[in-house]
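Residue numbering for the sequence shown follows the numbering used here, starting at 122 and increasing by one per position.
For every residue, glycine included, the Cβ atom is placed at its ideal position computed from N, Cα and C.
One structure is given here, and the rest of the page talks about it.
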Amino acid sequence: METPGSQSSLHRANLERVVRAVRLAGSLTQAEIARTTGLSAATVSNIVRELKDGGTVEVTPTSAGGRRARSVSLSGDAGIVIGVDFGHTHLRVAIGNLAHQVLAEESEPLDVDASSDQGFDRAEQLVSRLIAATGVDRAKIAGVGLGVPGPIDVESGTLGSTAILPGWGGTRPAEELRGRLGVPVHVDNDANLGALGELVWGSGRGVRDLAYIKVASGVGAGLVINGKIYRGPGGTAGEIGHITLDEAGPVCRCGNRGCLETFAAARYVLPLLQPGHGPDLTMEGVVRLARDGDPGCRRVIADVGRHIGSGVANLCNLLNPSRVVLGGDLAEAGELVLGPIRESVGRYAIPSAARQLSVLPGALGGRAEVLGALALALSEMGDSTLLDGSATGALPAATPAFT
Numbered sequence: 122m123e124t125p126g127s128q129s130s131l132h133r134a135n136l137e138r139v140v141r142a143v144r145l146a147g148s149l150t151q152a153e154i155a156r157t158t159g160l161s162a163a164t165v166s167n168i169v170r171e172l173k174d175g176g177t178v179e180v181t182p183t184s185a186g187g188r189r190a191r192s193v194s195l196s197g198d199a200g201i202v203i204g205v206d207f208g209h210t211h212l213r214v215a216i217g218n219l220a221h222q223v224l225a226e227e228s229e230p231l232d233v234d235a236s237s238d239q240g241f242d243r244a245e246q247l248v249s250r251l252i253a254a255t256g257v258d259r260a261k262i263a264g265v266g267l268g269v270p271g272p273i274d275v276e277s278g279t280l281g282s283t284a285i286l287p288g289w290g291g292t293r294p295a296e297e298l299r300g301r302l303g304v305p306v307h308v309d310n311d312a313n314l315g316a317l318g319e320l321v322w323g324s325g326r327g328v329r330d331l332a333y334i335k336v337a338s339g340v341g342a343g344l345v346i347n348g349k350i351y352r353g354p355g356g357t358a359g360e361i362g363h364i365t366l367d368e369a370g371p372v373c374r375c376g377n378r379g380c381l382e383t384f385a386a387a388r389y390v391l392p393l394l395q396p397g398h399g400p401d402l403t404m405e406g407v408v409r410l411a412r413d414g415d416p417g418c419r420r421v422i423a424d425v426g427r428h429i430g431s432g433v434a435n436l437c438n439l440l441n442p443s444r445v446v447l448g449g450d451l452a453e454a455g456e457l458v459l460g461p462i463r464e465s466v467g468r469y470a471i472p473s474a475a476r477q478l479s480v481l482p483g484a485l486g487g488r489a490e491v492l493g494a495l496a497l498a499l500s501e502m503g504d505s506t507l508l509d510g511s512a513t514g515a516l517p518a519a520t521p522a523f524t
């Protein structure tokens, strides 16, 4: 039995610190591990050697700052995690290993009017299909990250009222999927997972304070403060879409008037252009037409950008993030939307906050949320099974997350 404060318990704690740092980052050099954990270079070197000999980590040659270094990542056969992302009209599932590599990924259309039971049945089927296709052992599943387009009550795990997936309000998504898959499931809203995905794999890498703005059927923000997702005590932090821009504006689905969402979300923007472009016009189509020079689409996108910029300016004044990442189809518009966002930030934000802010398009596109779900599962799992050697067996070859 280990005694608190004993040499063996201290060694165990140091092992867990190193494994956790590598697990969350995907891969780190030994120098980066030392900086992240606060352990000495000699201690890190000894621990990495021990973990490598035990098959927990893999060490590969790399370079850092022009010097030779060794990159440390968790062994590809240490276990797997699953990401599930429910959107307004899609279901996307990804399977990854603990080395932050994606083994398989697939998406399919989802009827917006489908019941929650139908949605979770589809998710179970898609997960099973990908597991069969990759040949992974179900016993290797360490956890599942689940994204839904609505607020999640932190205490009860209940999905709040949502007009994006009608009829899903009041369900407990993690509990529902856990009952079908029989493994731990961790749930969060899609904007938070988009922020987590971009933080780990995309345009948010290297920053500690970030706002991810997702503009789709609704408008939401995922907030990262000091490297961690900020959800608020009730789980509703980041509802930037319901900042009031015009008290006499259109009635929003939340019951208020003139919310940012009523000036930026697809459900309100598309009717402005459909008379001239047909009823089947999508935001993806608007962006494509705008990039091809369509004046109406360019004007609407610029207006949307200025409205989003007003909301971002409020975030700057309150939270002073160093980076804002724009996700969703609108991000594909590039400077057509980013320029107006920066213009509004410069006009309405405190000058010192505006100067420190960079506004970038998301690097992951429509994959941000499902990769964020993988990152959520990775962040929530414990390290004991890795250190106790209970994760054994081989997994198939993986491909990096960006391919």
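Does DSSP classify residue i as helix, strand or coil?
i	result
GLY406	helix
THR183	strand
LEU366	coil
HIS398	helix
GLY315	helix
GLY307	Before going on, a small fix: residue 307 reads as His here, not Gly. Strand at HIS307.
ILE471	coil
GLY356	coil
VAL445	strand
PRO482	strand
SER236	coil
At the level of alpha carbons, what is the spacing between residue i and residue j?
i	j	result
ALA190	LEU149	10 Å
GLN128	PRO354	38 Å
ARG329	GLY348	4 Å
ALA155	TYR469	41 Å
LEU447	ASN310	16 Å
THR513	ASP206	Residue placement at THR513 is flagged as unreliable, the pLDDT there being 36, under the threshold of 50; a coordinate-derived value is accordingly withheld.
SER237	PRO305	19 Å
ARG144	LEU320	14 Å
PRO287	THR158	45 Å
GLY290	ALA337	19 Å
GLY449	GLU229	17 Å
VAL390	PHE384	7 Å
GLU137	SER192	18 Å
ILE203	GLY271	20 Å
LEU439	LEU344	12 Å
LEU131	VAL140	14 Å
What is the residue span of the beta strand (DSSP E) that residue i lies within?
i	result
GLU276	First-last for GLU276: undefined, no H or E at that position.
ASP206	201-207
ALA337	ALA337 -> no beta strand (DSSP E), and no H or E assigned at all.
VAL223	222-230
SER194	188-195
Round the Cβ separation of residue i and residue j to the nearest angstrom and send it over; I've been treating them as touching at under 8 Å.
i	j	result
ALA494	LEU314	5 Å
ALA142	GLY200	The pair is not a contact, with the Cβ atoms about 17 Å apart (cut-off 8 Å).
LEU478	VAL445	6 Å
VAL63	ARG352	With the chain running from 122 to 524 in the structure shown, residue 63 is simply not present.
VAL180	VAL169	7 Å
Is the Cβ-Cβ distance between residue i and residue j less than 7 Å?
i	j	result
GLY266	ALA498	yes
LEU394	GLY417	yes
GLY341	LYS335	yes
SER249	ALA220	no
PRO294	LEU280	yes
GLY426	PRO461	yes
CYS373	GLU382	yes
ALA235	LEU251	no
GLY176	SER196	yes
ALA411	GLY339	no
GLY414	SER465	no
ILE273	VAL308	yes
VAL121	GLU456	Any property of residue 121 remains undetermined from this structure, which presents the chain solely from 122 to 524.
Since residue i is in the alpha helix (DSSP H), which residue starts that stretch and which ends it?
i	result
ARG419	416-440
SER500	489-501
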